[in-house]
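Once you know that position 140 of the sequence shown is 144 in my numbering, the rest is easy, because the numbers rise by one and skip nothing.
Glycine included, C-beta positions come from ideal geometry on N, C-alpha and C.
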Amino acid sequence: MATIGLIGAGHIGSQIARLAVAHAYDVVISNSRAPETLATLVAELGPRARAATAAKAGDIVVVSVPLKNYRAVPVGPLAGKIVIDTNNYCPQRDGHIPELDNESTTTAELLQAHLPTSKVVMAFNHIYAAELTTDGQPAGARNRRALAIAGDDPEAKATVTRLLDQFGFDTVDAGPLKEGWRIQRDTPGYGPRRTAAELRRDLAAAKRYADQ
Ligand SMILES: NC(=O)c1ccc[n+]([C@@H]2O[C@H](COP(=O)([O-])OP(=O)(O)OC[C@H]3O[C@@H](n4cnc5c(N)ncnc54)[C@H](OP(=O)(O)O)[C@@H]3O)[C@@H](O)[C@H]2O)c1
Numbered sequence: 005m006a007t008i009g010l011i012g013a014g015h016i017g018s019q020i021a022r023l024a025v026a027h028a029y030d031v032v033i034s035n036s037r038a039p040e041t042l043a044t045l046v047a048e049l050g051p052r053a054r055a056a057t058a059a060k061a062g063d064i065v066v067v068s069v070p071l072k073n074y075r076a077v078p079v080g081p082l083a084g085k086i087v088i089d090t091n092n093y094c095p096q097r098d099g100h101i102p103e104l105d106n107e108s109t110t111t112a113e114l115l116q117a118h119l120p121t122s123k124v125v126m127a128f129n130h131i132y133a134a135e136l137t138t139d140g141q142p143a144g145a146r147n148r149r150a151l152a153i154a155g156d157d158p159e160a161k162a163t164v165t166r167l168l169d170q171f172g173f174d175t176v177d178a179g180p181l182k183e184g185w186r187i188q189r190d191t192p193g194y195g196p197r198r199t200a201a202e203l204r205r206d207l208a209a210a211k212r213y214a215d216q
């Protein structure tokens, strides 16, 4: 069973950690401070969890930090690994990033460019953190909620699709990382509960910021 590393253990990272331990994964979590600052979360998560260098310990690593800090994600320890990118661009929080403002790239492409030897898959970016532990349903459930992914590596996407299925969600493939904008903030699929068919419709209907 893979160990899941979480770089960032705030709203979304802690929820993914809860889902992971509930599905019998070991998790290693880290934040921007000393491991002791995660003691309460580690105690809640139980024996499958520890606070250490998630980039090194994780077989699959989730990056869930404010986007403005993405350059602090270590490159070497993540070489060859699947890296799940939950991040969104919020200029009020992140400051302005010109290549996102002019839509010449996407958030997950930025992380992929920073981690050229990793396989970045964008996922979990458009669901409110709290709903991760309430909205999952077994495979085949009627009207099961779907989450979008984007990525350039088909095998990495297949792995993340299996993980999402274990966690209780259908997956809709939005395409390569450059199509990740279709599920960015202010697109129709960003936030609300959607089945796979509804999410496919929303991805197709998404407009670039310049066209909204
Ligand atoms: N909240 C949601 O419902 C939600 C849903 C989907 C996607 N997202 C996106 O996911 C990302 C994280 O959101 P969030 O709401 O979980 O944020 P958050 O609650 O503010 O948590 C951020 C986490 O990142 C850690 N961190 C910050 N800088 C770091 C660094 N340089 N190295 C390692 N860890 C670092 C923080 O640790 P410290 O406390 O030590 O600084 C904290 O654990 C954002 O891009 C957000 O847009 C959020």
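Residues bridged to residue i by DSSP?
i           : result
residue 119 : The partner list for residue 119 (beta bridge, DSSP) is empty, contrary to what the question assumes.
residue 175 : 151
residue 55  : 33
residue 64  : 8 and 86
residue 124 : 87
Looking at the structure shown, is residue i part of a helix, part of a strand, or coil, going by DSSP?
i           : result
residue 7   : strand
residue 46  : helix
residue 164 : helix
residue 88  : strand
residue 98  : helix
residue 15  : helix
residue 110 : coil
residue 41  : helix
residue 170 : helix
residue 157 : coil
residue 20  : helix
residue 1   : Because the chain spans 5 through 216 in this model, residue 1 falls outside it and cannot be assessed.
residue 74  : helix
Taking just the CA atoms, how far does residue j sit from residue i?
i           : j           : result
residue 94  : residue 70  : 9 Å
residue 202 : residue 154 : 17 Å
residue 85  : residue 164 : 12 Å
residue 96  : residue 111 : 15 Å
residue 64  : residue 22  : 15 Å
residue 189 : residue 195 : 8 Å
residue 219 : residue 28  : Shown here, the chain extends from 5 to 216; a query on residue 219 therefore has no answer.
residue 147 : residue 205 : 15 Å
residue 133 : residue 19  : 6 Å
residue 1   : residue 109 : Residue coverage of the chain in this structure runs from 5 to 216, which leaves residue 1 outside it and unanswerable.
Indicate whether the contact test is met: 3 or more Cβ pairs, each with one atom in the stretch 105-120 and one in the stretch 82-89, closer than 8 Å.
-> yes
Should the stretch 70-81 be called in touch with the stretch 45-53, which here means at least 3 C-beta pairs below 8 Å?
-> Counting C-beta pairs closer than 8 Å gives fewer than three between the stretch 70-81 and the stretch 45-53, which falls short of the contact rule.
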